[in-house]
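Enquirer: Before I ask anything, let me first share the structure, which is written out below as structure tokens.
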Ligand code: CMP
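Residue numbers (our numbering): 2 to 136.
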């Protein structure tokens, strides 16, 4: 078993469209394990803190309004393989218009902001992002 875990978030657009189960089903079908999860409703300031790496980017305000606009479902995911790159392959490119068919974002997402899921982009980020939601 790989001991590298990553954070995946089901974003408000997917929660609102009843896609939590669909997204977890895709993870489990691909042999990922959900080891912890919860539903939270971030404040705008908490969203800014979570996305602090994007400080100064033009899309940050819209992103944080969206991420604090409804409940989200952060979860810790692990697998027997390379969890971080495996999850990123499963969810597809950030922009759903560029995501490959069969990926979560291609099949389910609405737009670049409402792209249904977030996943950590590396081991260090995964540790920080997991700690943000799961103390
Ligand atoms: P996510 O994986 O949550 O990481 C940052 C988010 O910013 C990204 O998904 C998108 O939803 C959002 N975003 C909006 N515009 C852009 C952009 N131009 N480049 C990257 N991310 C963007």
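Beta carbons are placed, not taken as given, at the ideal position from N, Cα and C, and that holds for glycine.
Just so it is clear, the structure is predicted and the values come from calculations on it, not from any experiment.
Is any heavy atom of ligand 1 found at a distance shorter than 8 Å from the C-beta of residue 8?
Expert: Sequence index remark: in the chain shown, residue 8 carries index 7 (1-based). No, since every heavy atom of ligand 1 falls outside the 8 Å radius drawn around the Cβ of residue 8.
Enquirer: I'd like to confirm something about residue 107: is its beta-carbon nearer than 8 Å to some heavy atom of ligand 1, or not?
Expert: Your numbering for residue 107 matches position 106 in the chain shown. For ligand 1, not one heavy atom lies less than 8 Å from the Cβ of residue 107.
Enquirer: According to DSSP, which residues form a beta bridge with residue 38?
Expert: Here residue 38 is taken as the residue at index 37 of the chain shown, counted from 1. Partner(s): 76.
Enquirer: Touch check for the stretch 53-66 and the stretch 102-111: three-plus C-beta pairs under 8 Å?
Expert: Segments in contact, no.
Enquirer: Opposite residue 120 in the DSSP bridges: which residues?
Expert: Within the chain shown, numbered from 1, the residue matching residue 120 stands at position 119. Answer is 9, bridged to residue 120.
Enquirer: Within a Cβ cutoff of 7 Å, which residues of the same chain sit near residue 25, ignoring the five residues on either side of it in sequence?
Expert: For this step, residue 25 is matched to residue 24 along the chain shown. Here the set comprises 35.
Enquirer: Is DSSP giving residue 52 helix, strand or coil here?
Expert: Reading the chain shown from its first residue, position 51 is the one you call residue 52. Coil at residue 52, not helix or strand.
Enquirer: Should residue 9 and residue 92 be called a contact, given that it needs their Cβ atoms to be closer than 9 Å?
Expert: Here the question's residue 9 lines up with position 8 in the chain shown. Here the question's residue 92 lines up with position 91 in the chain shown. Closer than 9 Å, so yes.
Enquirer: Taking only three categories from DSSP, how would you classify residue 111?
Expert: Here the question's residue 111 lines up with position 110 in the chain shown. If DSSP states are grouped into helix, strand and coil, residue 111 belongs with coil.
Enquirer: Identify whether residue 19 lies in helix, strand or coil by the three-state DSSP scheme.
Expert: Mapped onto the chain shown, residue 19 falls at position 18. It is coil, neither helix nor strand.
Enquirer: With distances taken between CB atoms, is the gap from residue 16 to residue 72 smaller than 9 Å?
Expert: The count along the chain shown starts at 1 and reaches residue 16 at position 15. The count along the chain shown starts at 1 and reaches residue 72 at position 71. Cβ distance < 9 Å, so residue 16 and residue 72 count as in contact.
Enquirer: Within the present structure, is the beta-carbon of residue 45 separated from the nearest heavy atom of ligand 1 by less than 8 Å?
Expert: Reading the chain shown from its first residue, position 44 is the one you call residue 45. Checking every heavy atom of ligand 1 against the Cβ of residue 45, none is found closer than 8 Å.
Enquirer: Using only the alpha-carbon positions, how far apart do residue 55 and residue 49 sit?
Expert: The sequence position of residue 55 within the chain shown is 54, counting from 1. The sequence position of residue 49 within the chain shown is 48, counting from 1. Straight-line Cα distance between these residues: approximately 9 Å.
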